[in-house]
Amino acid sequence: MLPPVCIVWPCSLSVDTYVAAGRDVVVPRPNCPSCLSVMAPWSGYRRRIRHGGRCSSMWVPRFRCPGCEATHAVLPAFVLTGRLDVTETVGAVVDAVASGTSGVRPAAKLVDVPHSTARGWMRRFAGRARELSVAFAALATELGGEAAAPLVDATRDAHRAIRAAFRAAASLPGWLGCGRWRFVSAVTGGSLIATNTNSLYLFVGRRRFMPPVP
Ligand SMILES: [Zn+2]
């Protein structure tokens, strides 16, 4: 039995376009994560998001499974669960810090978030770096890419594994348009730096991997 997960779809819309669509945003109908039935729209809720230094309110549709009657929120890949800032903002900080090109403070400044916020993201990323390394290295191989040989630094390894997995995924239709960090959000169910996740599940293969719409 899988733990409860958020369904994150590989959305390539700009944040502004998604937000402006409101309740009319068109989201692919997902399959139920438990029984694979095609789910039907079932209302939704509003959620705040920060992008480019601005906060907005976005619509998150819910879907209901006709088989198990469970409802699931379906998030666009520019969202990470439980985080106000969009995936690309978090990713920009991780890129700068995990690659060793910048400290946390200048990275935070660059994307206009408080230093303490960016530090929290990096702590969480570092905290699950080994898990991320293993999962994304496996995904890279699964997608026909090459897994990078481990270095001594877990955070760097995780970052390199993510890059390797995306390089492999980018040859499949649709992913290139989403970009690397939305790809990461989609395959981790928005849980890249989630604080309440016990174990990391990548949505790979038919059952846990929602292919992008080209
Ligand atoms: Zn179901």
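Mapping the sequence shown onto our numbering, position 132 (from 1) lands on 612, and the numbers just tick up by one. Idealized CB from N, CA, C, for every residue including glycine. Just so you know, these numbers come straight off a predicted model, no measurement behind them.
The alpha-carbon separation between residue 520 and residue 506 amounts to approximately 13 Å. Residue pairing for residue 524: DSSP places it in a beta bridge opposite 541. Counting C-beta pairs with one atom in each stretch, the stretch 510 to 520 and the stretch 592 to 603 have fewer than three that are closer than 8 Å, which means they do not touch. Remark: the C-beta of residue 572 is outside contact range of ligand 1, defined as less than 7 Å to any heavy atom. For residue 555, the enclosing beta strand (DSSP E) starts and ends at 551 to 556.
Under a 10 Å Cβ-count criterion, residue 632 is classified as exposed, with fewer than 16 other Cβ atoms of the shown protein chains found around its own Cβ. A residue is called buried once 16 or more other Cβ atoms fall within 10 Å of its Cβ, and residue 568 is buried on that count.
Shown here, residue 608 sits in coil according to DSSP, grouped into three states, outside any helix or strand. Annotation: residue 495 to residue 578 spans about 25 Å, alpha carbon to alpha carbon. Here residue 533 has 592 as same chain residues with Cβ atoms under 7 Å from its own Cβ, once five neighbours each way along the sequence are excluded.
Using a 10 angstroms sphere on the CB of residue 504, the tally of other CB atoms stays under 16, which defines it as exposed.
A straight-line Cα-Cα distance of about 9 Å links residue 526 and residue 502.
By the 16-neighbour rule on beta-carbons within 10 angstroms, residue 490 is buried. Considering only 538, 537, 540, 613, the residue with the shortest C-alpha distance to residue 636 is 613. Between the alpha carbons of residue 493 and residue 540 lies a distance of about 14 Å. Between residue 510 and residue 554, the CB-CB gap stays under 8 Å. A direct Cα-Cα distance of roughly 15 Å separates residue 556 from residue 571. For residue 488, the uninterrupted beta strand (DSSP E) segment begins and ends at 487 to 489.
For residue 535, DSSP records a beta bridge to 530.
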